[in-house]
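Peer 1:
Numbering (the numbering used here), first residue to last: 80 to 255.
#1: Under the DSSP definition of a beta bridge, which residues are partnered with residue 137?
#2: Could you tell me which whole beta strand (DSSP E) segments of length 3 or greater appear in the segment 178–222?
#3: At a cut of 8 Å, does the segment 104–111 reach the segment 119–134 through at least three beta carbon pairs?
#4: Looking at the unbroken alpha helix (DSSP H) that takes in residue 96, where does it start and where does it end?
#5: Among the candidates 155, 93, 115, 92, whose CA atom is the shortest distance from the CA of residue 103?
#6: Round the Cβ separation of residue 83 and residue 203 to the nearest angstrom and send it over; I've been treating them as touching at under 8 Å.
#7: By how many angstroms is the C-alpha of residue 90 removed from the C-alpha of residue 139?
#8: Tell me whether residue 188 is buried or exposed, calling it buried when 16 or more other Cβ atoms sit within 10 Å of its Cβ.
#9: Mind reading off the beta-carbon distance from residue 141 to residue 156? Whole number of angstroms is fine, and I expect it under 8 Å.
#10: Would you call the CB atoms of residue 224 and residue 152 closer than 8 Å?
#11: Where residue 158 and residue 247 are concerned, what is the direct C-alpha to C-alpha distance, given to the nearest angstrom?
#12: Would residue 120 pass as a contact of residue 100 if the rule is Cβ separation under 8 Å?
#13: Nearest-angstrom Cα distance between residue 191 and residue 87?
#14: Within its chain, find whatever has a CB closer than 6 Å to the CB of residue 85; leave out the 5 residues flanking it on each side and keep chain order.
#15: Do residue 195 and residue 122 have their C-beta atoms within less than 8 Å of each other?
#16: How would you call residue 95, buried or exposed, if buried means at least 16 neighbouring beta carbons within 10 angstroms?
#17: Compute the Euclidean distance between the alpha carbons of residue 200 and residue 249, then round it to the nearest angstrom.
#18: Tell whether a beta-carbon distance below 8 Å holds between residue 112 and residue 219.
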């Protein structure tokens, strides 16, 4: 499925587009974090003279691995980016990359279509939280129980932690 807005032969006015972004969409970007997806993208494109404005409405959910228990976790996705399309060379300063609250997309004068795939992908990924965990008590109890236990070396009576050797470091310095 193409996530493309054709620009040639389009008279002034509004056009609407609707796409679905599923697991196949994210696989094209070699995204291994998103295991499954059901995201709906609606685009409203307005053309007036040389101005083209595109407003996206991205909503749905994606499935990722929980950072705590590694079980599937479904997260909501919602983003509403707004773009202005300009033809010509890309801006050189950060100030020129924005037009009010709109991000500017630069296309060459010869481009006849606007591919929004990368923008959709980016905004879905940006809408995900940094820490992706189930709500308290919803993680796999077996995994949580395993994570809560610290391995013990019964013969030595110590834990198998690589930091166990540092345990009394500051205590030894005080006695010297």
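Just so it is clear, CB atoms sit at the ideal spot from N, CA and C, and this is done for glycine as well.
Peer 2: A quick look at the data gives this:
#1: As a working note, residue 137 is residue 58 in the chain shown. 120, 158, per the DSSP bridge assignment.
#2: 181–186, 192–194
#3: no
#4: Taking the chain shown and counting its residues from 1, one reaches residue 96 at position 17. From DSSP, residue 96 is part of no alpha helix (DSSP H) but of the beta strand (DSSP E) over 92–101.
#5: Here residue 103 refers to the residue found at position 24 when the chain shown is read from its first residue. Checking every option, the nearest Cα to that of residue 103 belongs to 115.
#6: Counted from its first residue, the chain shown places residue 83 at position 4. Counted from its first residue, the chain shown places residue 203 at position 124. Actually they are not in contact, since the Cβ atoms of residue 83 and residue 203 sit about 17 Å apart, beyond 8 Å.
#7: Position 60 of the chain shown, counting from 1, holds the residue named residue 139. Position 11 of the chain shown, counting from 1, holds the residue named residue 90. Taking the straight line from one Cα to the other gives about 32 Å.
#8: Numbered from its first residue, the chain shown carries residue 188 at position 109. It is exposed - the Cβ of residue 188 has fewer than 16 other Cβ atoms within 10 Å.
#9: Taking the first residue of the chain shown as 1, we reach residue 141 at position 62. Taking the first residue of the chain shown as 1, we reach residue 156 at position 77. Yes, they are in contact, since the Cβ atoms of residue 141 and residue 156 sit about 6 Å apart, within 8 Å.
#10: Your numbering for residue 224 matches position 145 in the chain shown. Your numbering for residue 152 matches position 73 in the chain shown. Cβ atoms of residue 224 and residue 152: not closer than 8 Å.
#11: Along the chain shown, one-based indexing puts residue 158 at 79. Along the chain shown, one-based indexing puts residue 247 at 168. One C-alpha to the other measures close to 50 Å.
#12: In the chain shown, the residue the question calls residue 120 occupies position 41. In the chain shown, the residue the question calls residue 100 occupies position 21. Their beta carbons are under 8 Å apart, which means residue 120 touches residue 100 by this criterion.
#13: Position 112 of the chain shown holds residue 191. Position 8 of the chain shown holds residue 87. Distance between the alpha carbons of residue 191 and residue 87: 5 Å.
#14: Within the chain shown, the letter at position 6 stands for residue 85. Only 192 meet the Cβ criterion.
#15: On the chain shown, position 116 is the one that residue 195 refers to. On the chain shown, position 43 is the one that residue 122 refers to. Yes, the Cβ-Cβ distance between residue 195 and residue 122 is below 8 Å.
#16: As a first step, residue 95 is located in the chain shown; it is residue number 16 there, counting from the start. The residue in question, residue 95, is exposed, as its Cβ has fewer than 16 Cβ neighbours within 10 Å.
#17: Along the chain shown, one-based indexing puts residue 200 at 121. Along the chain shown, one-based indexing puts residue 249 at 170. Roughly 49 Å separates the two Cα atoms.
#18: Residue 112 sits at position 33 when you count from the first residue of the chain shown. Residue 219 sits at position 140 when you count from the first residue of the chain shown. In this structure, residue 219 does not lie closer than 8 Å to residue 112 by Cβ.
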